[in-house]
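Scroll down for the structure; my scribbles are underneath it.
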Amino acid sequence: MANAFIQFPKGFLWGTATAAHQVEGNNTNNNWAAWEAQPNKIKNGHRSGIACDWWGGRWREDLDRAAAAGQNTHRFSIEWSRIQPAPDQWDGESVAFYREMIKGMRERGLKPMLTLHHFTDPLWIAERGGWENQETPKLFAAFVSRIVDELKDLVEDWVTINEPNVVAYSGYLTGDFPPGKQDMKAAFSVMGNLVRGHALAYHAVHAAQKHASVGLAINYRSFHPSTSNPLDAWSAKMQSRLFNDTFARAAVDGKLRLPFANQHIPEAVATQDFLGLNYYTRDQVSFDLTRPGQFFGRNYYRKDAERSTTGFLANEPLGFREALKWAVGYAKPVYITENGFEDDADTIRPRYLAQHIHQLWHYVNFNSSIKGYYHWSLVDNFEWERGWTQRFGLWGMDTQTQARVERGSAGLFAQICRQNGLSTAMLAQYCPEVVEKIFPD
Ligand code: IFM
């Protein structure tokens, strides 16, 4: 067996990511709480409930674990509906809660990266039509302006909107997210408003904090033609353009490229100090005339690809390489703002983690603009329309007792963070089956 160690640059950020609605609990004033209360919206009728009880104070113990495990950063989000529960109300206690939590991160040596919008909207925004309403970008930016003023002494890295492509796709094309629509026209108008919201928020953050570093987090899905048939390649390319490129490109030149519905959004020009990349998996794409709504593509996972517990993801590290190539192409600093695998038994996650970190290292070596990696997630949390059926945590959680259970992957990630790299010894301990694959003799 080789005795190898691949090293990351000094100062590389290693951490985990979470989101307010998924970990806080008792979020009752947003569109997701309302969605969860409706029948058949969430798998098995699950509810976020008290989630991981961060609002009750358990953020302390989870962040203690993160810090003790060698992490030096944490990505999290704040809940707009708590801070601004109604258009003319500003909740000082919620702001105080977030200030205390962010101070807690800093005291533990975790550099905070704050996401201003992670899927949830206050009910009062949803009641006005959510992101279909042309006013929402301005209302969001007004919120951003005020909250950044309150937190700017504690935070410098800001994500405006998490996965705007997923917000539009799942909320307005598949209907799995609120408001549950399947309406292309609405989806396109929402995409325009999300770009406007991002752009106004970008300028608002910079107005409050000149040296801020602000970006979007894009969910990149690798679309891979399943054969050499040019029609497969065409469908894969078109899906990738719409899903992966639209927001990132609009934040460069203000052009939102949509099929027969281009929009020009001048305020979005050059509104990305960094690119946030969320990567999970890769699809195979076959041309299929019965699927006009998806650029005639039938998407599926490779037959021999390893699947996550519920079959939601396939372990495809080469898709990550492609995602990284795409991200560095924007010539901006890059953060891997999410990457992870739902695996309750933690049988595949250790090798998923090792294989993805190995791909990351290639690109970090070629291009030092990659600044950090956030694993999704620190602890099992509420997985949106999939409820509690999917377990992404380095630490597992019993929803009845709130007890945390350390998974093997947490130990592997801790070694990666502490040693700022990956070694054959780590693989031999946590996932010996991939030693030869990653470090061939
Ligand atoms: O849990 C989500 C997160 O909120 C956004 N990105 C994908 C994760 C896993 O499904």
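In this text, residue positions in the sequence shown follow my numbering: the first is 274, and each later residue adds one. For glycine and all other residues, C-beta sits at the position ideal for the given N, C-alpha and C.
Straight-line gap, residue i to residue j (C-alpha atoms, nearest Å)
i	j	result
ALA649	ASP714	Checking the sequence shown, residue 649 turns out to be Trp, not Ala. Spanning the two alpha carbons is a distance of roughly 31 Å.
TYR553	ILE491	11 Å
TRP328	PRO565	44 Å
LYS510	PRO452	28 Å
THR697	LEU633	16 Å
ASP430	ALA485	6 Å
ILE730	THR582	This structure leaves residue 730 out entirely; the chain is present only between 274 and 714.
SER495	LEU562	21 Å
LYS384	PRO606	17 Å
ASN435	ASP422	21 Å
THR610	ALA290	7 Å
ASN406	LEU531	19 Å
MET274	VAL463	53 Å
VAL487	ALA472	10 Å
ASN313	GLY669	26 Å
ASP617	ARG320	19 Å
GLU408	ILE356	19 Å
GLY377	PRO358	24 Å
LYS316	ARG622	23 Å
GLN673	GLY666	16 Å
ALA310	VAL542	39 Å
LEU695	TYR636	14 Å
TRP363	PHE585	39 Å
GLN702	SER682	11 Å
The ligand IFM heavy atom lying under 7 Å from the CB of residue i
i	result
ALA292	yes
PHE450	no
TRP649	yes
PHE461	no
LYS588	Residue identity differs from the one stated: residue 588 is Asn in this sequence, not Lys. No - the ligand IFM has no heavy atom lying nearer than 7 Å to the Cβ of ASN588.
GLN295	yes
TRP658	Contrary to the premise, residue 658 reads as Glu rather than Trp in this sequence. No, the beta carbon of GLU658 sits no closer than 7 Å to any heavy atom of the ligand IFM.
GLU611	yes
GLU334	no
ASN313	no
PHE593	no
HIS391	yes
PHE665	yes
ASN300	no
ASN492	yes
ASN551	yes
Beta-carbon gap between residue i and residue j smaller than 8 Å
i	j	result
GLN545	ALA578	no
PHE560	GLY549	no
LEU651	ALA339	yes
ASN535	LYS528	yes
GLY645	TYR608	yes
ARG555	HIS497	yes
VAL707	ARG624	yes
PRO395	ASN302	yes
ASP732	ARG379	This structure gives no information on residue 732, because the portion of the chain shown stretches from 274 to 714.
PHE520	PRO590	no
PHE281	ASN612	no
ALA342	CYS690	yes
ARG348	GLY288	yes
TYR493	ASN588	no
ALA369	LYS425	no
GLU540	ARG469	yes
VAL440	LEU467	yes
SER508	PHE450	no
ASP619	ARG680	yes
Short CB-CB distance (under 8 Å) between residue i and chain C
i	result
TYR625	Among the chains in the structure shown there is no chain C, since it carries only a single protein chain.
Contact test: residue i Cβ vs the ligand NAP heavy atom, cutoff 7 Å
i	result
GLU436	Within the structure as shown, the ligand NAP is missing, the only ligands being the ligand IFM.
Exercise for the section: With a floor of 3 residues, list each beta strand (DSSP E) that falls wholly inside the region 367 to 424, ordered by position along the chain. Expected result: 384 to 390
Problem - Meets three-Cβ-pair contact criterion under 8 Å: the region 444 to 460 and the region 408 to 423 - result: no
Practice task
Inspect the CB distances between the region 321 to 332 and the region 282 to 301 and report whether three or more fall short of 8 Å.
Solution key: yes
Exercise for the section: Let me know the alpha helix (DSSP H) ranges lying completely inside the region 428 to 492, each 4 residues or longer, listed in chain order. Expected result: 437 to 445, 457 to 481
Handout entry: Sufficient close CB pairs (3 or more, under 8 Å) joining the region 475 to 483 to the region 443 to 452
Key = no
Practice task
Check whether the region 694 to 712 touches the region 625 to 638, counting contact only when three or more Cβ pairs, one atom from each stretch, lie closer than 8 Å.
Solution key: yes
Exercise for the section: Please list the segments of the alpha helix (DSSP H) lying wholly inside the region 492 to 530, counting only runs of 4 or more residues, in order along the chain. Expected result: 503 to 513, 519 to 526
Practice task
Flag this pair as touching only if the region 347 to 355 and the region 387 to 404 have three or more C-beta atom pairs under 8 Å; answer yes or no.
Solution key: yes
Problem - Segment contact, 8 Å Cβ cut-off, at least three pairs: the region 636 to 643 with the region 301 to 310 - result: no
Exercise for the section: Identify every run of the beta strand (DSSP E) within the region 605 to 676, keeping only runs that are complete inside it and at least 3 residues long; order them along the chain. Expected result: 607 to 612, 643 to 648, 668 to 670
Problem - Ordered list of alpha helix (DSSP H) runs contained in the region 276 to 358, each at least 4 residues - result: 293 to 296, 304 to 309, 332 to 341, 353 to 356
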